[in-house]
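Report on one structure; see the data block that follows.
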Amino acid sequence: MPIEIERVDFLVIGGGVAGLRAAIELAPHGDVLVATKDVPTESTTRHAQGGIAVALSDEDEVGIHYEDTIKAGAGLSDEAAVRVLVEEGPERIQELIDWGAEFDRDGADASKLSFTLEAAHSRKRVLHAHGDSTGRELVRVLLKKVQGLPSVRRYPSAVVVDLIMHEGRCVGAYVIQHGVLRAVLASATVLATGGAGQVYAVTTNPIGATADGIAVAARAGAVTHHMEFVQFHPTSLQHPWAPHFLLSEAMRGEGALLINVCGERFMERYHPKGELAPRDIVSRAISAELHRTEAQHVFLDLTHMDPAFVQKRFPNIYSTCLGFDFDISREPVPVSPAMHYIMGGVRTDKDGATNLDGLLAAGECTNTGIHGANRLASNSLLEGLVYGARAGATAAGQAMHSGLNKVEPLAPVRTIPAHDEIRGALRRLMWERVGIIRCEKSLTEAREELSRWEFILEAHYQTRRELELKNMIQVGILITDAALARRESVGAHFRTDSEA
Ligand code: SIN
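Heads up, my numbering is the position in the sequence shown plus 84, with the first residue counted as 1.
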């Protein structure tokens, strides 16, 4: 396959909060290409509902946000990385407000930012926008900012194939755009490709969340860490026709209750904080109730709340559920857990640097160490902002062209027979064997199945669907191996045969 070469100073792969924030930081230092697999407005960020956690309210302190984050991480968070997050968070949010972000406000004159509560936060600290469309607002503001920066060019429909390594350094990436293979050569490359939800059959993540950044980095020799820690969100819409649409934790923060199919509240039997117990505990409690009642769902119930409030506070969730014939303000809505977030990823330091020269990373595809074994709700958008800016600043200091003027051809290029069937089987396998509850037997069975598809990792492909499948298999193996290696239950990694 012929290769077209393109040169830029900086390549950012991914157009969510972390990638856009990195691009803004890089803009004064050279030309920046922001490559996105889809249209520039699409990313995991765009789908974020609940909000962005930041210690900015009068009743809050940076130190309390720090303590809540460390506690949620179950002893496995990197304390220095968390300190950076909570200390730099307020400045990054103020900057967004200065750029035009419209966070919801309280009071007659709307002078005060409105903060909500989510699980495991000891203060109301979650900012939100347009009720439940916080991610969309962030993307709007960051894209507007980027559009005003002449040195930043957007590069849509570009599917990353692999990183380009030269003498041990990352010097860019191969991408396929409209069927053309291109080698984008750059002084520094920032990976910000988002999450891995599509590796699982049941997920709140959008269709593009296929773990591409983690997979290409791992293939190039980047260290990955904490891949066993996968967060399952307790409440996604459970209905035969509907996707597993997220019903934000902020709904329970505002008072929504969980009831089982027998009409009983059950969370108090599992944790003193009831509906606002940590996310992993709520997900496991729902799994236990599903098993006990032989049901496919429990209900999220907001019917005791003022319907006008529910419709105003959660307009996106309200209208989406209405599209599936559920009026959340007047009837309990069926929900069940779904894969939501991966705490593990490409290991980075506090400046977004990986172990590979020339390769930086930020956002969900990374493991900065902030989240430990379990992410505190709504810390991820903040991480994208804080660490996206940091990774951009570090990349700016790496303006060192390789002088490379030709690249190795990619060979062999193949096709994957029955790739759609394999994709479905992989996703079911991960959900059933490497899901909310795991054990040696389920993980070993999964690993054996995954080995049957390892041949797919040996070749290159030309289509998005095949490249994604290769990446999903690679990351499925990384998650399963890490889950087998960690024999104790901790945070979101729960083994019925735990040794601790
Ligand atoms: C939610 O709105 O429940 C998701 C927030 C998050 O995952 O941080």
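For every residue, glycine included, the Cβ atom is placed at its ideal position computed from N, Cα and C.
When the Cα atoms are used, VAL146 and GLU552 turn out to be separated by approximately 39 Å. HIS317 has its CB nearer than 8 Å to a heavy atom of the ligand SIN.
Here the C-alpha atom of LEU440 lies approximately 49 Å from the C-alpha atom of ILE343. Approximately 30 Å separates the beta-carbon atoms of GLY134 and ALA437; this is outside 8 Å, ruling out the contact. As DSSP reads the structure, LEU95 sits in a beta bridge with LEU117 and THR273. If you draw a straight line from the Cα of PRO240 to the Cα of ARG571, it comes to about 42 Å. Only residues of its own chain outside the window of five on either side were considered, and among them ALA361, ILE365 and ALA369 have a CB closer than 7 Å to the CB of TYR354, listed in chain order. Cα atoms of MET85 and ILE521: separation of roughly 44 Å, rounded to the nearest angstrom. In the DSSP assignment, GLY278 falls outside any alpha helix (DSSP H) and carries neither an H nor an E.
Under the three-state reduction of DSSP output, THR438 falls in the coil class, being neither helix nor strand. Annotation for CYS523: no beta strand (DSSP E) segment contains it, and DSSP assigns it neither H nor E. With a cutoff of 9 Å on beta-carbon distance, VAL274 and ALA446 are scored as near each other. LEU341 counts as buried, since at least 16 other C-beta atoms from the protein chains shown sit within 10 angstroms of its C-beta.
For ALA137, the pairing in a beta bridge is given by DSSP as VAL210. Contiguous alpha helix (DSSP H) elements confined to the segment 144-206 occur at 146-156 and 163-182, taking only those with 4 or more residues. Following the DSSP letters along the chain, one finds VAL300 inside the alpha helix (DSSP H) bounded by residues 296-304.
Membership of ILE557 in the alpha helix (DSSP H) is indicated by the continuous run 548-569.
Separation of SER271 and CYS405 (C-alpha to C-alpha, rounded to the nearest whole angstrom) is 46 Å. With respect to VAL491, ALA567 sits apart: the two C-beta atoms are not nearer than 9 Å. Per DSSP, reduced to three states, the secondary structure at SER420 is strand. Relative to the ligand SIN, ARG176 has its C-beta separated by 8 Å or more from all heavy atoms.
For the ligand SIN, residues qualifying as neighbours are GLN133, GLY134, SER332, GLU333, ALA461 and SER462, where qualification means a beta carbon closer than 5 Å to at least one of its heavy atoms (chain order). Secondary structure note for GLY256: its beta strand (DSSP E) is the uninterrupted segment 253-261. Nearest C-alpha to ARG238 among LEU226, ILE248, HIS205 and GLU516: LEU226.
Beyond the five residues adjoining it in sequence on each side, GLY215 comes within less than 6 Å, by CB distance, of ARG397, PHE398 and PRO399 in the same chain, given in chain order. A check of alpha carbon separations from VAL283 across ALA242, HIS455, LEU197 and GLU516 identifies GLU516 as the nearest. Secondary structure note for MET514: its alpha helix (DSSP H) is the uninterrupted segment 503-517. Sequence-distant partners of GLU171 (beyond 5 residues in either direction) whose C-beta falls short of 7 Å from its own C-beta, in its chain, are VAL146. Rounded to the nearest whole angstrom, the CA to CA distance from ALA137 to GLU143 is 14 Å.
A check of alpha carbon separations from GLY468 across VAL101, VAL286, ASP190 and ASP93 identifies VAL101 as the nearest. In this structure the segment 241-257 does not lie against the segment 205-224, because fewer than three pairs of beta carbons, one per stretch, are closer than 8 Å. ALA257 sits buried, since 16 or more C-beta atoms from the chains shown fall within 10 Å of its C-beta. Put simply, the backbone Cα of LEU197 is about 42 Å away from that of GLN261.
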